[in-house]
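Here's what the structure looks like:
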């Protein structure tokens, strides 16, 4: 009996996968924390224009969203191809904006109401007529802070 | 009697479950912070008399229904708009009380006296496309920011855009009050005076 037995087999030992669940959980928690579930399902085409002198909208709870653009192809039969406004998953008229802003304000804490910003997510192909109607309605309810939400890019990119 | 040991739970499938959840969240995640051009709309009251503005202090930008630009009655390409706006704002043509000691412009009498007097007026057609409007807005804001950038470099040796970013950043470690004072100085040097007329239908 020799004391120094040759190690049997030259195969590599298997990699332990015991810590795999831990790693996966770590990733899972990361994505759970950073996830923001989409609030609105778009009913309209929403290809935002480009701009580079932009500010970030940091606090999500201080933002109200107004969407505008052409209805998506599957809604065009019903709603036509003219650009429309979308508020909270529904098509809306310009006259509905005032009620929408009031309703949004009612859901927010009183102290942040003056800080609310309206984010206008408007498709690049929309006519300015609609946009200025929206702005006019916003002025009527004194919602004066607006943010024209855009994609990052030089202004020249809009012309292509 | 021998104690019956509790059977061990097989944790082998835990990884599968975790993967399933992980994939769900991966798919639904949108790591997006919206960003855009922030503006303040003018309040609704019409009681304020519009001030009388001299013609040479006005920079009139018209955008027609075919997205073409007309600046002070001259057609202009979008890529030249920023430079033209900078020349206009930074002209510093005023004398005496209206003199602008930090302006580097040509002092052309047909352009603005002082950045404080320089008004940019933007008018759209109702059929102008929104992306053109945003492009023009972006260039005009950029003109102001470029000028503030220059002054920020001269006075504080910093980048204006970086200062703005720091100011908006809640995690920035630094003297916010001092930064705010500096930003206010820059904004007072080149105040953003952008007036927007109601779009109208024009032929």
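Protein chains in written order, with the working numbering: chain X, 3 to 162; chain L, 215 to 417. From the three backbone atoms N, C-alpha and C, an ideal C-beta is built for every residue, glycine too.
Counting along the chain, where does the beta strand (DSSP E) carrying residue i start and finish?
{"i": "residue 94 (chain X)", "result": "92–94"}
{"i": "residue 123 (chain X)", "result": "119–124"}
{"i": "residue 310 (chain L)", "result": "Counting along the chain, residue 310 (chain L) falls outside any beta strand (DSSP E), and DSSP gives it neither H nor E."}
{"i": "residue 283 (chain L)", "result": "283–285"}
{"i": "residue 337 (chain L)", "result": "333–338"}
{"i": "residue 151 (chain X)", "result": "147–154"}
{"i": "residue 158 (chain X)", "result": "It is not in any beta strand (DSSP E) - residue 158 (chain X) carries neither H nor E in the DSSP assignment."}
{"i": "residue 408 (chain L)", "result": "408–410"}
{"i": "residue 86 (chain X)", "result": "86–89"}
{"i": "residue 6 (chain X)", "result": "It is not in any beta strand (DSSP E) - residue 6 (chain X) carries neither H nor E in the DSSP assignment."}
{"i": "residue 442 (chain L)", "result": "Shown here, chain L extends from 215 to 417; a query on residue 442 (chain L) therefore has no answer."}
Between which two residues does the alpha helix (DSSP H) containing residue i stretch?
{"i": "residue 23 (chain X)", "result": "22–36"}
{"i": "residue 294 (chain L)", "result": "292–303"}
{"i": "residue 251 (chain L)", "result": "No alpha helix (DSSP H) holds residue 251 (chain L); the beta strand (DSSP E) holding it covers 249–254."}
{"i": "residue 239 (chain L)", "result": "228–242"}
{"i": "residue 66 (chain X)", "result": "Element bounds for residue 66 (chain X): not the alpha helix (DSSP H) but the beta strand (DSSP E), 65–71."}
{"i": "residue 130 (chain X)", "result": "130–142"}
{"i": "residue 399 (chain L)", "result": "390–403"}
{"i": "residue 350 (chain L)", "result": "344–370"}
{"i": "residue 103 (chain X)", "result": "99–109"}
{"i": "residue 377 (chain L)", "result": "374–382"}
{"i": "residue 81 (chain X)", "result": "78–81"}
Assign residue i to buried or exposed, taking buried as 16 or more other Cβ atoms, counted over all protein chains shown, within 10 Å of its Cβ.
{"i": "residue 293 (chain L)", "result": "exposed"}
{"i": "residue 234 (chain L)", "result": "exposed"}
{"i": "residue 320 (chain L)", "result": "exposed"}
{"i": "residue 254 (chain L)", "result": "exposed"}
{"i": "residue 390 (chain L)", "result": "exposed"}
{"i": "residue 82 (chain X)", "result": "exposed"}
{"i": "residue 28 (chain X)", "result": "exposed"}
{"i": "residue 304 (chain L)", "result": "buried"}
{"i": "residue 62 (chain X)", "result": "exposed"}
{"i": "residue 219 (chain L)", "result": "exposed"}
{"i": "residue 162 (chain X)", "result": "exposed"}
{"i": "residue 148 (chain X)", "result": "buried"}
{"i": "residue 157 (chain X)", "result": "buried"}
Taking 6 Å as the limit between beta carbons, can you name the residues of its chain near residue i, skipping five residues before and five after?
{"i": "residue 295 (chain L)", "result": "353"}
{"i": "residue 274 (chain L)", "result": "286 and 335"}
{"i": "residue 348 (chain L)", "result": "none"}
{"i": "residue 117 (chain X)", "result": "64"}
{"i": "residue 357 (chain L)", "result": "296, 299 and 300"}
{"i": "residue 126 (chain X)", "result": "49 and 51"}
What is the rounded straight-line gap between the Cα of residue i and the Cα of residue j?
{"i": "residue 231 (chain L)", "j": "residue 42 (chain X)", "result": "29 Å"}
{"i": "residue 111 (chain X)", "j": "residue 119 (chain X)", "result": "14 Å"}
{"i": "residue 87 (chain X)", "j": "residue 381 (chain L)", "result": "34 Å"}
{"i": "residue 155 (chain X)", "j": "residue 53 (chain X)", "result": "5 Å"}
{"i": "residue 121 (chain X)", "j": "residue 366 (chain L)", "result": "29 Å"}
{"i": "residue 55 (chain X)", "j": "residue 370 (chain L)", "result": "21 Å"}
{"i": "residue 18 (chain X)", "j": "residue 385 (chain L)", "result": "40 Å"}
{"i": "residue 151 (chain X)", "j": "residue 21 (chain X)", "result": "43 Å"}
{"i": "residue 226 (chain L)", "j": "residue 44 (chain X)", "result": "41 Å"}
{"i": "residue 417 (chain L)", "j": "residue 37 (chain X)", "result": "Note that residue 417 (chain L) scores 45 on pLDDT, short of 50, meaning its location in the model is unreliable and no value can be drawn from it."}
{"i": "residue 269 (chain L)", "j": "residue 326 (chain L)", "result": "9 Å"}
{"i": "residue 50 (chain X)", "j": "residue 77 (chain X)", "result": "20 Å"}
{"i": "residue 113 (chain X)", "j": "residue 397 (chain L)", "result": "26 Å"}
{"i": "residue 372 (chain L)", "j": "residue 14 (chain X)", "result": "58 Å"}
{"i": "residue 395 (chain L)", "j": "residue 403 (chain L)", "result": "13 Å"}
Out of the options, which one is the CA nearest neighbour of residue i?
{"i": "residue 160 (chain X)", "options": "L:309, L:372, L:342 and L:365", "result": "L:342"}
{"i": "residue 289 (chain L)", "options": "L:370, L:297, L:276 and L:300", "result": "L:276"}
{"i": "residue 92 (chain X)", "options": "X:102, X:62 and X:83", "result": "X:102"}
{"i": "residue 24 (chain X)", "options": "L:229, L:238 and L:358", "result": "L:229"}
{"i": "residue 134 (chain X)", "options": "L:340, L:259, L:311 and L:351", "result": "L:340"}
{"i": "residue 312 (chain L)", "options": "L:332, L:387, L:297 and L:383", "result": "L:332"}
{"i": "residue 89 (chain X)", "options": "X:136, X:126, X:129 and X:113", "result": "X:136"}
{"i": "residue 405 (chain L)", "options": "L:392, L:379, L:388 and L:328", "result": "L:328"}
{"i": "residue 85 (chain X)", "options": "X:69, X:104, X:109 and X:35", "result": "X:69"}
{"i": "residue 75 (chain X)", "options": "X:48, X:95 and X:94", "result": "X:48"}
{"i": "residue 248 (chain L)", "options": "X:123, X:59, X:125 and X:66", "result": "X:59"}
{"i": "residue 129 (chain X)", "options": "X:72, X:26, X:35 and X:46", "result": "X:72"}
{"i": "residue 368 (chain L)", "options": "L:379, L:317 and L:378", "result": "L:317"}
{"i": "residue 280 (chain L)", "options": "L:236, L:237 and L:346", "result": "L:346"}
{"i": "residue 2 (chain X)", "options": "L:238, L:243, L:264 and L:412", "result": "Nothing can be reported for residue 2 (chain X): it is not among the residues displayed for chain X, which extend from 3 to 162."}
{"i": "residue 409 (chain L)", "options": "L:256, L:240 and L:221", "result": "L:256"}
Going along the chain, which residues of its own chain have a beta-carbon closer than 8 Å to the beta-carbon of residue i, five neighbours each way excluded?
{"i": "residue 100 (chain X)", "result": "139, 142 and 143"}
{"i": "residue 258 (chain L)", "result": "none"}
{"i": "residue 283 (chain L)", "result": "275, 276, 277, 289, 290, 291, 292, 295 and 350"}
{"i": "residue 145 (chain X)", "result": "66, 103, 118 and 120"}
{"i": "residue 95 (chain X)", "result": "87"}
Answer with yes or no whether the minimum CB distance from residue i to chain B is below 8 Å.
{"i": "residue 370 (chain L)", "result": "Absent from the structure is chain B; the protein chains it does hold are X and L."}
Less than 7 Å between C-beta atoms, sequence neighbours within five positions excluded: which residues of the same chain meet that for residue i?
{"i": "residue 374 (chain L)", "result": "359, 362, 363, 366 and 400"}
{"i": "residue 307 (chain L)", "result": "321, 322, 323, 325, 326 and 327"}
{"i": "residue 106 (chain X)", "result": "66"}
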